[in-house]
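Under the working numbering, the first residue of the sequence shown is numbered 513, with each subsequent residue one higher.
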Amino acid sequence: MKVILYYFKKNLRKIAAGVFCMIVVDLLQLVVPQIVSRAVDILADAHFDRHVLFVQCAVIVGAGLLMALLRSGWRMLLMGSARDLERGIRDDLYAHMLSLDTAYYDKTRAGDIMAHATSDILHVRMAFGFGIIALVDTLLLGSACIGIMVWTSPKLAALCLIPLPFLVLVTKNLGNRMHQYHNTAQEAFSALTEQVRESFFGIRVIKVFNFEPQVRQKTENSARGYFRKNLKRAYINALLRPLLGLFFNTSTLIIILYGGGLVMENRLSPGEFVAFIQYLGILAWPVIAIGWMTNLLQRGMASLKRINVLLNTRSEITFPEDTVMPEIVSGHIRFEKVSFSYDKKVNVLSDISMEIPAGVRIGITGPPGCGKTTLLSLIPRLYDPMTGRICLDGKDLKTFDPEFLRRHISFMAQEPFLFSGTLEDNILMGERFSGGNARELLDQVIHICALGDTIAQMPKGLGTLVGERGVTLSGGQKQRVTLARTLVQPKPVILLDDPVSHLDTRTAEGVIRGISRMNRDAVMVMVSHRLSALADCDRIYVMDNGTITDQGTHEQLKASNAFYRTSFKVQQSERQLLGDGS
Ligand SMILES: Nc1ncnc2c1ncn2[C@@H]1O[C@H](COP(=O)(O)OP(=O)(O)OP(=O)(O)O)[C@@H](O)[C@H]1O
513 MKVILYYFKK NLRKIAAGVF CMIVVDLLQL VVPQIVSRAV DILADAHFDR
563 HVLFVQCAVI VGAGLLMALL RSGWRMLLMG SARDLERGIR DDLYAHMLSL
613 DTAYYDKTRA GDIMAHATSD ILHVRMAFGF GIIALVDTLL LGSACIGIMV
663 WTSPKLAALC LIPLPFLVLV TKNLGNRMHQ YHNTAQEAFS ALTEQVRESF
713 FGIRVIKVFN FEPQVRQKTE NSARGYFRKN LKRAYINALL RPLLGLFFNT
763 STLIIILYGG GLVMENRLSP GEFVAFIQYL GILAWPVIAI GWMTNLLQRG
813 MASLKRINVL LNTRSEITFP EDTVMPEIVS GHIRFEKVSF SYDKKVNVLS
863 DISMEIPAGV RIGITGPPGC GKTTLLSLIP RLYDPMTGRI CLDGKDLKTF
913 DPEFLRRHIS FMAQEPFLFS GTLEDNILMG ERFSGGNARE LLDQVIHICA
963 LGDTIAQMPK GLGTLVGERG VTLSGGQKQR VTLARTLVQP KPVILLDDPV
1013 SHLDTRTAEG VIRGISRMNR DAVMVMVSHR LSALADCDRI YVMDNGTITD
1063 QGTHEQLKAS NAFYRTSFKV QQSERQLLGD GS
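Quick look at the structure:
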């Protein structure tokens, strides 16, 4: 509720002006039947004055024009405030979601967040915007109409209002059902969109495995589900409108039957009779609005609750108020008896202790799934250890401001991920060149990552668009672009997770040679299955099943570690078989 109050206060002037315009429009709406009533009574008089009639008509036209003007005024003011609330909640929510840690995204589906973020924000906006409108109209227009009708003829008013409570009930119940069907139709539409998106995304797999009939069937089922849900919504809609018409026409019939009698008995003037029908017409909207408004408010409150749950979700990664931000970071990293588990049950890392002095190059290897990536992810605090601690320059990582920490760490993930944009956007990630040798550094990184030829072949060089997730690049090209992104900003800690896995041996060796020559002061931790890539590292750790089982230089491990020696021999034989030379 706090968020609503904030935007209510922020837009108070606009809302007040909008409500004022609405009140004037409502009052004008109430005046028009009185003018019509007078005009009808003038007409009913055999000696009516044409001039007076023209004046009445001119007043009605004037009131109509003023109403049109003020109506667009309040729409702009109130809808504008509701849109501002929507924008604000969306911004807050997105900023909050970005602040959540990776553990949250491990257990939450992006599709669910998207669905909540879109439909829930819409419901809150509707409740806020239309809620105000429906409230003003129900209170002012509804009670004024009923008051005038009762004042004109209490008995006629009582009789013709009998069907109206049913109108409220029908609007509320069918409106509720229509909303439920709308939601299920939306879910079915999301499922259909996701199904189509996935099939286009995986089109190559679908084609080579001849999966077309299966995916067509699956998409057809999703489309049929969407069709059925929409049909239910259409049925309710088809029922709602005629029912509203039925109740409204029943009231009109009562006015004609009973009110007509009153006119004949001269207890009601023809003008009052016509005005009565007009007031009933005006009353229809506030009556429908009662049912509609309660639905809107219920839905809006439920959505607001869900948004609040998201906004109150806290990261497991926390940091103290007075975070550490030293002027110089040398990059000295120490793991002290670190254990970690994703599910808080089974340890993925156990009792890891490791000393990485500043400027040292470390290699990590081990069988698939032994915990290498997990170990690397703990350094920029994508996750925190369950027990033990990791220190940077002697201080626990948890005492650093996370943004400051990550500003001093370059991290290359195992899966190359490119954003849709240009090559340059993907390498620089919005960072602008600063300093005289920045361009030189970019050229050097392009050279090290063997991207020179790739860029030269691109129609617009570095300015070439790479398509969604870099679809226009090969796997190896994508990996080299992400490597360039990691190396282009000189940082004291460089973490590389299998940086040359998609490259052929010769290119990989060139890239590794280039990496080891650049930025010699930085700490570099490189995970790799390819042992020749680790040959130049000052120390190599061998992992198995979440623990460090051995350590040494390339030569030492070749001599003393069975896993290392066997893996190296296999890789050497493969290399010779592929004719890469030794
Ligand atoms: N986000 C996650 N949630 C739960 N379990 C995970 C997650 N990421 C990895 N794991 C599990 O943790 C273990 C270690 O995974 P990790 O990716 O660290 O291994 P790795 O040594 O880098 O493997 P590879 O050499 O294949 O890249 C594996 O058993 C894996 O299934």
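The beta-carbon is built from N, C-alpha and C at its ideal position, and this holds for glycine as well.
Counting other Cβ atoms within 10 Å of its Cβ, MET837 stays below 16 and is therefore classed as exposed.
Just so you know, the alpha carbons of PRO914 and PRO892 end up roughly 8 Å apart. As for any alpha helix (DSSP H) of minimum length 4 sitting wholly inside the stretch 675-710, there is none. With respect to the 9 Å criterion, VAL978 and GLY933 are classified as neighbours on the basis of their beta carbons. Under the DSSP assignment, TYR1076 falls in the alpha helix (DSSP H) whose first and last residues are 1074-1089.
C-alpha of MET661 to C-alpha of GLU732: approximately 56 Å in a straight line. At a Cβ-Cβ threshold of 9 Å, MET805 and LEU647 count as neighbours. ALA1034 sits buried, since 16 or more C-beta atoms from the chains shown fall within 10 Å of its C-beta.
By the neighbour-count criterion, in which 16 or more other beta carbons inside 10 Å mark a residue as buried, PRO666 falls on the exposed side. Residue pairing from DSSP places SER851 in a beta bridge opposite THR899. Secondary structure at LEU612: coil, using DSSP grouped into helix, strand and coil.
When DSSP states are grouped into helix, strand and coil, VAL1035 belongs to the strand group. Classified as exposed, PHE929 has fewer than 16 neighbouring CB atoms from the shown chains inside 10 Å of its CB. The Cβ atoms of MET970 and LEU917 lie no closer than 9 Å to each other.
Secondary structure of GLY1022 (DSSP, three-state): helix. By the neighbour-count definition (other C-beta atoms within 10 Å, threshold 16), CYS569 is an exposed residue. When distances are taken from the beta-carbon of ASP908 to the heavy atoms of ligand 1, even the shortest one reaches 8 Å or more. The set of residues with a C-beta under 5 Å from any non-hydrogen atom of ligand 1 comprises ASP618, TYR854, VAL860, PRO880, GLY881, CYS882, GLY883, LYS884, THR885 and THR886, given in chain order.
Non-local C-beta neighbours of ALA607 in its own chain, meaning closer than 8 Å and more than five positions away in sequence, are absent.
In this structure, ARG550 is the residue among ASP632, LEU524, MET866 and ARG550 with its C-alpha nearest to the C-alpha of VAL786. For SER593, the secondary structure class from DSSP, reduced to helix, strand or coil, is helix. Residue pairing by DSSP puts ARG873 in a beta bridge opposite MET1036. Where ASP538 is concerned, the enclosing alpha helix (DSSP H) starts and stops at 524-556. The stretch 902-945 contains, as complete beta strand (DSSP E) runs of 3+ residues, the segments 921-924 (chain order). In this structure, LEU888 sits away from ASP896, with a CB-CB distance that is not shorter than 9 Å.
A check of alpha carbon separations from ALA796 across ILE715, LEU755, GLN926 and PHE852 identifies LEU755 as the nearest. Selection LYS514, THR650 and ILE633 evaluated against VAL531 yields THR650 as nearest (Cα-Cα). If you look at LEU577, you'll find it in the alpha helix (DSSP H) that goes 562-586. Two segments are said to touch when three or more pairs of C-beta atoms, one from each, lie closer than 8 Å; by this definition the stretch 679-698 touches the stretch 729-746. Taking a cut-off of 8 Å on C-beta distances, the stretch 829-844 does not touch the stretch 686-693, as fewer than three cross pairs fall below it.
Taken atom to atom, the span from the alpha-carbon of LEU758 to that of LEU780 is near 26 Å. DSSP lists PHE923 and VAL1037 as the bridge partner or partners of LEU1007. Excluding five sequence positions before and after PRO869, the CB atoms of its chain that fall closer than 7 Å to its own CB belong to HIS844, given in chain order. The alpha-carbon of ILE1006 is positioned some 18 Å away from that of GLY883. Annotation for ILE658: the continuous alpha helix (DSSP H) segment containing it runs 655-664.
Within the DSSP secondary-structure output, VAL1054 pairs in a beta bridge with THR877 and ASP1062.
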